[in-house]
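**Student:** Everything in the sequence shown is counted per the numbering used here, starting at 8 for the first residue and increasing by one. No residue lacks a Cβ here, since even glycine has one placed at the ideal position from N, Cα and C. Right, I'll just put the structure down here and ask away after.
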Amino acid sequence: MGNSALKAHLETAQKTGVFQLTGKGLTEFPEDLQKLTSNLRTIDLSNNKIELLPPLIGKFSLLKSLALNNNKLTALPEELCKLKKLETLHLNGNHLRQLPAAFGQLSALKTLSLSGNQLRTVPTQLSGLRHLDVVDLSKNQIQNVPDTVGELQAIELNLNQNQISQISVHISHCPRLKVLRLEENCLELSMLPQSILSDSQISLLAVEGNLFEIKKLRELEGYDKYMERFTATKKKFA
Numbered sequence: 008m009g010n011s012a013l014k015a016h017l018e019t020a021q022k023t024g025v026f027q028l029t030g031k032g033l034t035e036f037p038e039d040l041q042k043l044t045s046n047l048r049t050i051d052l053s054n055n056k057i058e059l060l061p062p063l064i065g066k067f068s069l070l071k072s073l074a075l076n077n078n079k080l081t082a083l084p085e086e087l088c089k090l091k092k093l094e095t096l097h098l099n100g101n102h103l104r105q106l107p108a109a110f111g112q113l114s115a116l117k118t119l120s121l122s123g124n125q126l127r128t129v130p131t132q133l134s135g136l137r138h139l140d141v142v143d144l145s146k147n148q149i150q151n152v153p154d155t156v157g158e159l160q161a162i163e164l165n166l167n168q169n170q171i172s173q174i175s176v177h178i179s180h181c182p183r184l185k186v187l188r189l190e191e192n193c194l195e196l197s198m199l200p201q202s203i204l205s206d207s208q209i210s211l212l213a214v215e216g217n218l219f220e221i222k223k224l225r226e227l228e229g230y231d232k233y234m235e236r237f238t239a240t241k242k243k244f245a
């Protein structure tokens, strides 16, 4: 991409606070963006070939939304965790295996999309994020859901198309979790904690495409309680 085109994008971004450059074959984060660290609120560099997010990212103090879907990222810098105003982070379709240790410091984060990466477990760092509403971890390589999930503040958790065969009973302790998607995993019915049905806030449980027939779910203790929540929610939005 020519320098003049990039310059035009930078000039626009300076006025609008939005820098969007998608599908241009970029192999690295545009260095010239550092001129705009104090006024960018949105950066979208999706559908490029970026392999590395530089430490410079931590300087965008006003950034609210960052999208790097469908790039070639294998890791994220610790500096990303300095973005105290970041509310939306979209990193679908990369090669991420883990999150930075300090990821829990992204205190304003509301939406996190990590679909189509290489995560093997639900990152424990997510438990510290108090304003998290939606977490998408679908299409990863997650095999189990650990005890720390009980501290997750999310309203919706998408774990579709993983390799999950075990779920901690602590998932039923999630204080705000209303929607749990577990479609196309490796769950036996005996590995699904019954407390999800009887003792949780979950009002939509999607478990199609696992190692049991859905009608068997209806025979579990607590299913009636779950259906009460499901129906009440449905009525609310009807």
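Assign Asn78 to one of two classes, buried (16 or more other C-beta atoms within 10 Å of its C-beta) or exposed (fewer than that).
**Tutor:** Label assigned to Asn78: buried.
**Student:** Name the two residues that bound the continuous beta strand (DSSP E) containing Ser282.
**Tutor:** Examination of residue 282 is not possible in this model, given that the chain is present from 8 through 245 alone.
**Student:** Using 8 Å for Cβ pairs, my map puts Ile149 next to Gln170. What's the rounded Cβ distance?
**Tutor:** 7 Å between Cβ atoms; contact.
**Student:** Determine the extent of the beta strand (DSSP E) in which Arg236 is found, giving its start and end residues.
**Tutor:** Here Arg236 belongs to no beta strand (DSSP E); instead the alpha helix (DSSP H) covers 230-244.
**Student:** Identify every run of the alpha helix (DSSP H) within the region 88-172, keeping only runs that are complete inside it and at least 4 residues long; order them along the chain.
**Tutor:** DSSP runs (the alpha helix (DSSP H)) wholly in the region 88-172: none.
**Student:** Quickly, what does DSSP pair Ile50 with across the bridge? List them, please.
**Tutor:** Phe26, Leu73.
**Student:** Report back the beta-carbon spacing between Glu94 and Thr118 to the nearest angstrom; my notes put them in contact at under 8 Å.
**Tutor:** 7 Å between Cβ atoms; contact.
**Student:** In its own chain, which residues sit with a C-beta less than 7 Å from the C-beta of Cys88, not counting the 5 before and 5 after it?
**Tutor:** Closer than 7 Å at the Cβ level, and outside the excluded window around Cys88, lie Pro107, Ala109, Phe110, Gln112, Leu113.
**Student:** For the candidate residues Gln105, Asn10, Ser68, Phe244, whose alpha-carbon lies nearest to that of Lys31?
**Tutor:** Checking every option, the nearest Cα to that of Lys31 belongs to Asn10.
**Student:** Since Leu218 and Cys193 are thought to touch, with beta carbons under 8 Å apart, how far apart are those beta carbons, to the nearest angstrom?
**Tutor:** About 6 Å separates the two Cβ atoms, so the contact holds.
**Student:** Taking 7 Å as the cut-off, decide whether the C-beta atoms of Leu90 and Ile57 are in contact.
**Tutor:** Taking 7 Å as the Cβ cut-off, Leu90 and Ile57 do not qualify as a contacting pair.
**Student:** Mark His138 as exposed unless 16 or more other C-beta atoms lie within 10 angstroms of its C-beta, in which case mark it buried.
**Tutor:** Exposed, because fewer than 16 other Cβ atoms sit within 10 Å of the Cβ of His138.
**Student:** Output the distance between the C-alpha atoms of Ala82 and Leu196, rounded to the nearest integer angstrom.
**Tutor:** So the two alpha carbons sit approximately 35 Å from each other.
**Student:** Give me, in chain order, the residues of the same chain whose beta-carbon lies closer than 6 Å to that of Glu190; leave out the 5 immediate sequence neighbours on both sides.
**Tutor:** Counting only Cβ-Cβ distances below 6 Å, and skipping sequence neighbours, we find Asn167, Ala213, Glu215, Gly216.
**Student:** The beta strand (DSSP E) with Leu196 in it runs from where to where?
**Tutor:** Per DSSP, Leu196 belongs to no beta strand (DSSP E) and is neither H nor E.
**Student:** Quickly, what does DSSP pair Arg188 with across the bridge? List them, please.
**Tutor:** DSSP lists Asn165, Ala213 as partners of Arg188.
**Student:** Compute the Euclidean distance between the alpha carbons of Ser175 and Leu59, then round it to the nearest angstrom.
**Tutor:** Each residue's alpha carbon lies about 34 Å from the other.
**Student:** If the criterion is Cβ atoms closer than 7 Å, does the pair Pro61 and Phe26 meet it?
**Tutor:** Cβ atoms of Pro61 and Phe26: not closer than 7 Å.
**Student:** Going by other Cβ atoms of all chains shown within 10 Å of its Cβ, with 16 needed for buried, is Asp231 buried or exposed?
**Tutor:** Exposed: under 16 other Cβ atoms inside 10 Å.
**Student:** Taking just the CA atoms, how far does Gln201 sit from Leu133?
**Tutor:** Going from the Cα of Leu133 to the Cα of Gln201 covers about 24 Å.
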